[in-house]
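Novice: My structure is below; once you've seen it, I'll send some questions.
There are 2 protein chains.
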Amino acid sequence: MTRPGRLHLNAFLMSVGHHEASWRLPESDPYADLDVEHFKNLARIAERGRLDSLFLADGPVLWDQVGRRPSGVLEPTVLLTALAGATRHIGLIATASTTYNEPYNLARRFASLDIVSGGRAGWNIVTTAGLDAARNFNLDALPAHRERYERAAEFVDVSLKLWDSWDDDVIVADKETGVWGDDTRIYPPAHRGHYYSVAGALNVPRSAQGHPVLVQAGSSENGRNFAARYAEAVFTAHQTLADAQEFYDDLKRRTLEAGRDPDHIKILPGIVPIIGRTVAEAREREAELERLIRPEYALAQLAGLIGVDPSELSLDEPLPANLPDEEQIEGAKSRRTLVVNLGRRENLTVRELIGRLGGGRGHLTFTGTAVQVADEIEHWYTHGAADGFNIMAPVLPSGLEAFVDQVVPILQERGRFRTEYTGRTLREHYGLPRPANRNTAAGTPVHSEEGALTR
Amino acid sequence: MTRPGRLHLNAFLMSVGHHEASWRLPESDPYADLDVEHFKNLARIAERGRLDSLFLADGPVLWDQVGRRPSGVLEPTVLLTALAGATRHIGLIATASTTYNEPYNLARRFASLDIVSGGRAGWNIVTTAGLDAARNFNLDALPAHRERYERAAEFVDVSLKLWDSWDDDVIVADKETGVWGDDTRIYPPAHRGHYYSVAGALNVPRSAQGHPVLVQAGSSENGRNFAARYAEAVFTAHQTLADAQEFYDDLKRRTLEAGRDPDHIKILPGIVPIIGRTVAEAREREAELERLIRPEYALAQLAGLIGVDPSELSLDEPLPANLPDEEQIEGAKSRRTLVVNLGRRENLTVRELIGRLGGGRGHLTFTGTAVQVADEIEHWYTHGAADGFNIMAPVLPSGLEAFVDQVVPILQERGRFRTEYTGRTLREHYGLPRPANRNTAAGTPVHSEEGALTR
Ligand SMILES: Cc1cc2nc3c(=O)[nH]c(=O)nc-3n(C[C@H](O)[C@H](O)[C@H](O)COP(=O)(O)O)c2cc1C
Ligand SMILES: Cc1cc2nc3c(=O)[nH]c(=O)nc-3n(C[C@H](O)[C@H](O)[C@H](O)COP(=O)(O)O)c2cc1C
Numbered sequence: 001m002t003r004p005g006r007l008h009l010n011a012f013l014m015s016v017g018h019h020e021a022s023w024r025l026p027e028s029d030p031y032a033d034l035d036v037e038h039f040k041n042l043a044r045i046a047e048r049g050r051l052d053s054l055f056l057a058d059g060p061v062l063w064d065q066v067g068r069r070p071s072g073v074l075e076p077t078v079l080l081t082a083l084a085g086a087t088r089h090i091g092l093i094a095t096a097s098t099t100y101n102e103p104y105n106l107a108r109r110f111a112s113l114d115i116v117s118g119g120r121a122g123w124n125i126v127t128t129a130g131l132d133a134a135r136n137f138n139l140d141a142l143p144a145h146r147e148r149y150e151r152a153a154e155f156v157d158v159s160l161k162l163w164d165s166w167d168d169d170v171i172v173a174d175k176e177t178g179v180w181g182d183d184t185r186i187y188p189p190a191h192r193g194h195y196y197s198v199a200g201a202l203n204v205p206r207s208a209q210g211h212p213v214l215v216q217a218g219s220s221e222n223g224r225n226f227a228a229r230y231a232e233a234v235f236t237a238h239q240t241l242a243d244a245q246e247f248y249d250d251l252k253r254r255t256l257e258a259g260r261d262p263d264h265i266k267i268l269p270g271i272v273p274i275i276g277r278t279v280a281e282a283r284e285r286e287a288e289l290e291r292l293i294r295p296e297y298a299l300a301q302l303a304g305l306i307g308v309d310p311s312e313l314s315l316d317e318p319l320p321a322n323l324p325d326e327e328q329i330e331g332a333k334s335r336r337t338l339v340v341n342l343g344r345r346e347n348l349t350v351r352e353l354i355g356r357l358g359g360g361r362g363h364l365t366f367t368g369t370a371v372q373v374a375d376e377i378e379h380w381y382t383h384g385a386a387d388g389f390n391i392m393a394p395v396l397p398s399g400l401e402a403f404v405d406q407v408v409p410i411l412q413e414r415g416r417f418r419t420e421y422t423g424r425t426l427r428e429h430y431g432l433p434r435p436a437n438r439n440t441a442a443g444t445p446v447h448s449e450e451g452a453l454t455r
Numbered sequence: 001m002t003r004p005g006r007l008h009l010n011a012f013l014m015s016v017g018h019h020e021a022s023w024r025l026p027e028s029d030p031y032a033d034l035d036v037e038h039f040k041n042l043a044r045i046a047e048r049g050r051l052d053s054l055f056l057a058d059g060p061v062l063w064d065q066v067g068r069r070p071s072g073v074l075e076p077t078v079l080l081t082a083l084a085g086a087t088r089h090i091g092l093i094a095t096a097s098t099t100y101n102e103p104y105n106l107a108r109r110f111a112s113l114d115i116v117s118g119g120r121a122g123w124n125i126v127t128t129a130g131l132d133a134a135r136n137f138n139l140d141a142l143p144a145h146r147e148r149y150e151r152a153a154e155f156v157d158v159s160l161k162l163w164d165s166w167d168d169d170v171i172v173a174d175k176e177t178g179v180w181g182d183d184t185r186i187y188p189p190a191h192r193g194h195y196y197s198v199a200g201a202l203n204v205p206r207s208a209q210g211h212p213v214l215v216q217a218g219s220s221e222n223g224r225n226f227a228a229r230y231a232e233a234v235f236t237a238h239q240t241l242a243d244a245q246e247f248y249d250d251l252k253r254r255t256l257e258a259g260r261d262p263d264h265i266k267i268l269p270g271i272v273p274i275i276g277r278t279v280a281e282a283r284e285r286e287a288e289l290e291r292l293i294r295p296e297y298a299l300a301q302l303a304g305l306i307g308v309d310p311s312e313l314s315l316d317e318p319l320p321a322n323l324p325d326e327e328q329i330e331g332a333k334s335r336r337t338l339v340v341n342l343g344r345r346e347n348l349t350v351r352e353l354i355g356r357l358g359g360g361r362g363h364l365t366f367t368g369t370a371v372q373v374a375d376e377i378e379h380w381y382t383h384g385a386a387d388g389f390n391i392m393a394p395v396l397p398s399g400l401e402a403f404v405d406q407v408v409p410i411l412q413e414r415g416r417f418r419t420e421y422t423g424r425t426l427r428e429h430y431g432l433p434r435p436a437n438r439n440t441a442a443g444t445p446v447h448s449e450e451g452a453l454t455r
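Just so you know, the protein sequences line up as chains W and E, in that order.
Under the UniProt record's numbering, the first residue of the first sequence carries the number 1, and numbering increases by one thereafter.
Under the UniProt record's numbering, the first residue of the second sequence carries the number 1, and numbering increases by one thereafter.
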């Protein structure tokens with residue numbers, strides 16, 4: 001099978017690595033989760049590899065018990081602003097929740113990051129699956145899955161209106177007449193919807209890329225429909241080529257049906273590359289990491305994900321026969337299904353399943369030499385399973401260095417990856433168009449109802 | 001009168017200056033409001049002057065009509081993160097609203113800024129006075145003044161619990177046993193209050209300064225009581241020494257009554273220094289700026305502040321005899337009173353009043369030579385009106401440069417200001433103690449109800 005063109009690569013950064021035991025390796029700095037210099041170093045490594053973007057996951061909650069592993073998570077728009085100052089080209093994608101933020105505040109913060117970084121911001125739009133997060137925001141129960149996605153849709157609609165509330169050429173800066181901006185080119189959203197009412201315009205202008213790149217990372221039915229409507233890049237997790245192909249075809253089709261160009265949604269499955277000079281070396285590394293897992297923590301987390309009590313799982317038995325199905329899960333639906341299918345398909349004990357999830361929490365681990373990893377990447381790309389990959393180094397910085405210094409050059413040599421940045425903005429790296437302003441494009445500007453004068 | 005000791009100086013930054021017409025001067029870059037390099041330059045100038053801190057005002061709203069003046073306002077926690085990377089010592093104070101944020105998100109963002117900057121963050125806690133802001137957050141009316149301050153108090157209570165939700169020595173990082181942190185030293189707030197319920201611990205640890213310095217900037221009755229209870233520094237506006245002394249004495253007394261050390265609340269009135277080599281040169285500068293004001297915008301803003309319709313004001317007449325009193329104002333109470341008193345006391349026409357407000361929106365303008373400005377500052381300091389000042393340069397960067405290069409050396413020579421930074425954190429610059437963790441200080445840790453395991 002031949003598919004021309006180049007693929008896209010995103011570096012998913014996470015403290016000292018995606019493997020939950022990575023911090024226990026002699027090489028790892030266990031305080032790095034809170035060290036901005038560590039992240040600047042990672043960003044520079046990724047930029048040296050000409051990667052499209054780097055990415056930070058997030059949730060408004062203490063994810064783990066602190067006994068388990070490094071648990072500090074600096075707020076991503078803050079951390080990415082620091083990384084913007086340490087880099088020049090690479091895109092900067094932050095996760096933020098539509099369930100626990102206000103559109104005016106969040107749209108503005110992303111617009112600010114976009115301006116400060118010269119048009120390099122992206123927003124990974126998530127609805128936040130856990131009850132523990134809900135309980136940090138005045139709620140006693142997790143809002144239902146469907147409701148979270150409805151809210152997300154309206155949240156993004158409002159955000160788009162806010163990002164388009166300044167025309168591209170508002171600023172005239174005429175010192176002579178004393179006119180700084182053209183008030184008639186400000187379009188307050190005047191939004192009155194089901195979840196949100198937002199009257200006024202943003203207090204930052206449109207950015208170099210129009211608005212931040214919209215990224216999405218949920219793969220349930222609701223998640224796919226949301227992605228088809230809004231997402232310009234999609235992070236996803238698959239354990240088999242066939243599953244990834246099904247997802248790829250399905251999402252491209254839904255995007256077309258939603259009236260959008262399927263080429264303007266880039267699908268990026270996650271991979272955890274464990275790279276060795278030989279296969280044996282790579283396998284030894286993998287086994288070493290697995291030995292360092294403390295299964296008691298992982299067992300409790302697994303139980304939560306699949307919706308059972310921890311006491312129902314035994315480390316040396318397979319998953320119980322009767323489990324709640326995806327319908328009954330109000331948390332992360334697609335991840336639950338992936339994990340249950342993996343356990344069943346390979347008939348794994350809970351301990352083995354935990355080992356398989358320890359590296360990438362459900363993302364596929366590729367263990368082998370740099371050539372083998374490059375081959376796999378190209379195979380998935382040419383076989384219609386991916387437009388690129390979300391690189392989840394098991395150990396940081398060493399795993400990202402190995403990928404950038406060993407795998408990227410192979411992909412470049414094969415003409416599969418850029419050798420220099422040709423664009424300036426994140427949109428340009430991903431080959432995404434700069435969106436027209438909806439207000440001027442439609443030819444019917446929405447006018448302000450009132451001036452914002454009472455300060 | 002002799003009062004020993006040193007005063008504190010904060011640089012209040014605002015696009016190309018606090019004077020609303022500053023952008024029209026030949027020297028000003030009218031795009032600087034959105035240029036992170038402009039702000040980095042200002043931060044470096046302030047740090048060269050050994051100033052305690054710099055400060056950014058904020059509101060979730062487009063403040064002006066864009067016709068009037070530069071209207072872009074980058075979100076302050078984002079902008080200050082960028083400035084943290086360009087400086088080493090100076091404190092970084094961001095304004096954020098308790099009316100339009102969620103405690104978990106905001107406490108975490110400030111904690112992140114505090115960690116990224118090495119303990120230099122401060123939070124200017126405001127309740128946000130305008131209806132236009134309310135309308136960006138699902139509301140049709142401004143929440144009442146009293147309610148906004150009640151909410152602010154609970155918001156800060158929750159934030160303090162969140163900042164204390166990690167003990168100072170949680171992290172043990174024991175690779176051998178695989179224990180990263182001590183789960184028993186995490187204290188989830190389990191807060192159930194009138195406005196907020198927040199169950200879980202923060203996902204960032206306690207910072208070098210324990211928690212960000214709490215700053216406050218409202219001077220009404222409700223505002224003073226709030227400041228007495230929480231604030232470690234207070235920004236305030238006064239037109240006369242007598243008013244400033246009254247405020248100073250009153251707030252120190254209230255702080256004592258609230259059971260706190262009055263020395264741990266630093267009172268910093270704002271001043272707009274217009275500095276010339278001669279008095280005549282300074283006055284000419286002031287007059288030039290006044291000539292560049294477009295009064296139609298200012299008139300509408302003044303009307304909003306004092307609670308009348310713009311049609312009730314005429315540029316060449318004094319303020320109308322009958323105005324709503326402070327009781328009836330639900331917006332910025334103390335500022336309304338200051339402005340009305342100024343107009344009445346000096347029997348100003350609306351045009352003259354607008355001229356007087358153009359520079360500092362009610363903050364006192366000091367026009368004169370560097371020596372005269374230094375004299376005034378020392379006079380207010382020694383006469384019990386201030387612990388320091390909030391420096392609001394009318395034009396930026398030139399006005400800050402003039403202050404740092406001409407006024408600061410005089411204050412240093414007189415022993416009134418530091419010549420080198422002696423501390424590392426913002427708290428140390430202001431001579432404020434590092435707060436003990438309330439959970440451990442009390443000896444009765446609040447325990448977690450549930451682990452945060454379902455991700
Ligand atoms: C690569 C990747 C990164 C993700 N990052 C986050 C994250 O940072 N925060 C979050 O709440 N969810 C994150 N998710 C989870 C999804 O947003 C979503 O909640 C989950 O996949 C379940 O969505 P679904 O119910 O639509 O399947 C991520 C998913 C993927 C594939
Ligand atoms: C120096 C200074 C800076 C201020 N900055 C802000 C700000 O950035 N945002 C805001 O909403 N209010 C700001 N305020 C206004 C106060 O927070 C407060 O709303 C106003 O003084 C009215 O409060 P009061 O009703 O208690 O008098 C500032 C006040 C002062 C003195």
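Think of the CB as a built atom: it goes at the ideal place given N, C-alpha and C, for glycine as much as any other residue.
This structure is a prediction, so every number in the text was calculated from the model and none was measured.
Can you tell me whether LEU84(E) is buried or exposed, with buried defined as 16 or more other CB within 10 angstroms of its CB?
Specialist: Within the second sequence, residue 84(E) is the residue found at index 84, counting from 1. Leu is not the amino acid found at residue 84(E); the sequence shown has Ala there. Buried.
Novice: So, for residue 531(E): in the same chain, excluding its five sequence neighbours on each side, which residues have a beta-carbon less than 7 Å away from its beta-carbon?
Specialist: Here chain E has residues from 1 to 455 only, and residue 531(E) is not among them.
Novice: Closest to ASP140(E) by CA distance: which of LEU364(E), ARG146(E), ASP132(E) is it?
Specialist: As a working mapping, residue 140(E) is identified with position 140 in the second sequence. The candidate whose alpha carbon is nearest that of ASP140(E) is ASP132(E).
Novice: Please tell me whether, using a cut-off of 6 Å, the distance from the CB of ALA237(W) to the nearest non-hydrogen atom of ligand 1 is below it.
Specialist: For this step, residue 237(W) is matched to residue 237 along the first sequence. Because some heavy atom of ligand 1 lies under 6 Å away, the Cβ of ALA237(W) counts as near it: yes.
Novice: Can you tell which of ALA441(E), VAL61(E), THR382(E), VAL73(E) has the C-alpha that lies nearest to the C-alpha of ALA244(E)?
Specialist: Counted from its first residue, the second sequence places residue 244(E) at position 244. When C-alpha distances from ALA244(E) are compared across ALA441(E), VAL61(E), THR382(E), VAL73(E), the shortest belongs to THR382(E).
Novice: Just confirm the distance between the C-beta atoms of LEU79(E) and SER71(E), as a whole number of angstroms; I'd bet it's less than 8 Å.
Specialist: Start at 1 with the first residue of the second sequence, and residue 79(E) comes out as number 79. Start at 1 with the first residue of the second sequence, and residue 71(E) comes out as number 71. Not quite, the Cβ-Cβ distance comes to about 15 Å (not below 8 Å), so this is no contact.
Novice: From LEU400(E) to VAL395(W), what does the alpha carbon distance come to, in whole angstroms?
Specialist: Within the second sequence, numbered from 1, the residue matching residue 400(E) stands at position 400. Within the first sequence, numbered from 1, the residue matching residue 395(W) stands at position 395. LEU400(E) and VAL395(W): Cα-Cα distance of roughly 46 Å.
Novice: When the Cα atoms are used, what is the spatial distance from LEU160(E) to GLY276(E)?
Specialist: Reading the second sequence from its first residue, position 160 is the one you call residue 160(E). Reading the second sequence from its first residue, position 276 is the one you call residue 276(E). Near 45 Å, if we compare the C-alpha coordinates of GLY276(E) and LEU160(E).
Novice: Counting only the same chain and skipping the five closest in sequence on each side, list residues whose C-beta sits under 6 Å from that of residue 479(E).
Specialist: This structure cannot settle anything about residue 479(E), because the visible part of chain E is limited to 1 through 455.
Novice: List the endpoints of the continuous alpha helix (DSSP H) containing GLN216(E).
Specialist: In the second sequence, counting from the first residue as 1, residue 216(E) sits at position 216. That residue, GLN216(E), is in no alpha helix (DSSP H); its beta strand (DSSP E) goes 213-216.
Novice: Please list, in chain order, all residues of the same chain as THR77(W) whose beta carbon is under 6 Å from its beta carbon, the five residues on each side excluded.
Specialist: In the first sequence, residue 77(W) corresponds to position 77, counting from 1. So the qualifying residues of the chain are ALA94, ARG109, LEU113.
Novice: Less than 7 Å between the C-beta atoms of VAL36(W) and VAL371(E), yes or no?
Specialist: Numbered from its first residue, the first sequence carries residue 36(W) at position 36. Numbered from its first residue, the second sequence carries residue 371(E) at position 371. Result no, Cβ atoms of VAL36(W) and VAL371(E) do not sit closer than 7 Å.
Novice: With DSSP as the reference, label ARG335(E) as helix, strand or coil.
Specialist: Taking the first residue of the second sequence as 1, we reach residue 335(E) at position 335. DSSP places ARG335(E) in helix when its eight states are reduced to three.
Novice: On a CA-only basis, which of ALA280(W), GLY91(W), PHE39(W), GLU154(W) is nearest HIS8(W)? Give me that one, please.
Specialist: As a first step, residue 8(W) is located in the first sequence; it is residue number 8 there, counting from the start. If you compare the alpha carbons of ALA280(W), GLY91(W), PHE39(W), GLU154(W) with that of HIS8(W), the shortest gap goes to GLY91(W).
Novice: Who are the neighbours of GLY85(W) on chain E, taking C-beta pairs under 7 Å?
Specialist: Locating residue 85(W) in the first sequence gives position 85, counting from the first residue. The contacting residues are ALA82, GLY85.
Novice: So what's LEU7(W) in DSSP terms, helix, strand or just coil?
Specialist: Here the question's residue 7(W) lines up with position 7 in the first sequence. LEU7(W) falls in the coil class under three-state DSSP.
Novice: Leaving aside the five residues before and after PRO445(E) along the sequence, list all residues of the same chain whose C-beta is less than 7 Å from its C-beta, in chain order.
Specialist: Locating residue 445(E) in the second sequence gives position 445, counting from the first residue. Any reading at PRO445(E) must be qualified, since the residue scores a pLDDT of 43, below 50, and its modelled position is unreliable; the value itself is stated next. Taking C-beta separations shorter than 7 Å and ignoring five residues to either side along the sequence, the partners of PRO445(E) in its chain run TYR187, ASN439, following chain order.
Novice: Taking the DSSP output, what are the residues bridged to ASP174(E)?
Specialist: Counted from its first residue, the second sequence places residue 174(E) at position 174. Paired residue(s): VAL179(E).
Novice: Starting from the C-beta of ARG148(E), find all residues in its chain whose C-beta is less than 7 Å away, skip the five residues before and the five after it, and write them out in chain order.
Specialist: Counted from its first residue, the second sequence places residue 148(E) at position 148. Closer than 7 Å at Cβ, skipping near neighbours: THR99, THR127.
Novice: DSSP state of GLY18(E), grouped into three classes?
Specialist: To locate residue 18(E), count along the second sequence from 1; it is residue 18. What sits at residue 18(E) in the sequence shown is His, not Gly. HIS18(E) falls in the coil class under three-state DSSP.
Novice: What are the residues in the segment 184-201 of chain W lying within 7 Å of chain E by C-beta distance?
Specialist: ILE186, TYR196, SER197, VAL198, ALA199, GLY200, ALA201
Novice: Is VAL156(E) near ligand 2, in the sense that its beta carbon is under 6 Å from a heavy atom of that ligand?
Specialist: Translated into positions along the second sequence, residue 156(E) becomes position 156. VAL156(E) Cβ: outside cutoff for every heavy atom of ligand 2.
Novice: Three or more beta-carbon pairs under 8 Å between the segment 247-255 of chain W and the segment 340-354 of chain W, yes or no?
Specialist: no
Novice: Using a Cβ-based criterion (distance less than 6 Å to any ligand heavy atom), does VAL126(E) qualify as near ligand 2?
Specialist: In the second sequence, the residue the question calls residue 126(E) occupies position 126. The answer is yes for VAL126(E).
Novice: Please give me, in chain order, every unbroken run of the beta strand (DSSP E) with length at least 3 that falls completely inside the segment 205-272 of chain W.
Specialist: Runs of the beta strand (DSSP E) spanning 3 or more residues and lying entirely within the segment 205-272 of chain W occur at 213-216, 233-236, in chain order.
Novice: Beta-carbon within less than 8 Å of THR278(E)'s beta-carbon, same chain only, minus the 5 sequence neighbours each way: which residues are those?
Specialist: Position 278 of the second sequence, counting from 1, holds the residue named residue 278(E). These residues qualify, in order along the chain: THR369.
Novice: Suppose contacts are defined by Cβ-Cβ distances below 7 Å. Is ALA233(W) in contact with GLY362(W) by that definition?
Specialist: Sequence index remark: in the first sequence, residue 233(W) carries index 233 (1-based). Sequence index remark: in the first sequence, residue 362(W) carries index 362 (1-based). Going by C-beta atoms, ALA233(W) is not nearer than 7 Å to GLY362(W).
Novice: How would you list, in chain order, the residues of chain E whose beta-carbon sits under 8 Å from the beta-carbon of PRO205(W)?
Specialist: Here residue 205(W) is taken as the residue at index 205 of the first sequence, counted from 1. Simply LEU34, GLY72.
Novice: In the segment 120-158 of chain W, which residue ranges form an unbroken alpha helix (DSSP H) of at least 4 residues, counting only runs that do not cross its ends?
Specialist: Correct list: 131-134.
Novice: Between the Cα of PHE12(W) and those of LEU315(W), GLN412(W), PHE235(W), spot the shortest distance and give me the residue it belongs to.
Specialist: By 1-based counting over the first sequence, the position of residue 12(W) is 12. With distances taken between Cα atoms, PHE12(W) lies closest to PHE235(W).
Novice: Can you tell me whether SER112(W) is helix, strand or coil according to DSSP?
Specialist: Counting from one through the first sequence, the residue named residue 112(W) turns up at place 112. Three-state DSSP puts SER112(W) in a helix.
Novice: Which one or two residues does DSSP pair with PHE12(W) in a beta bridge?
Specialist: The residue given as residue 12(W) occupies position 12 in the first sequence. DSSP output for PHE12(W) lists PHE55(W) as bridge partner(s).
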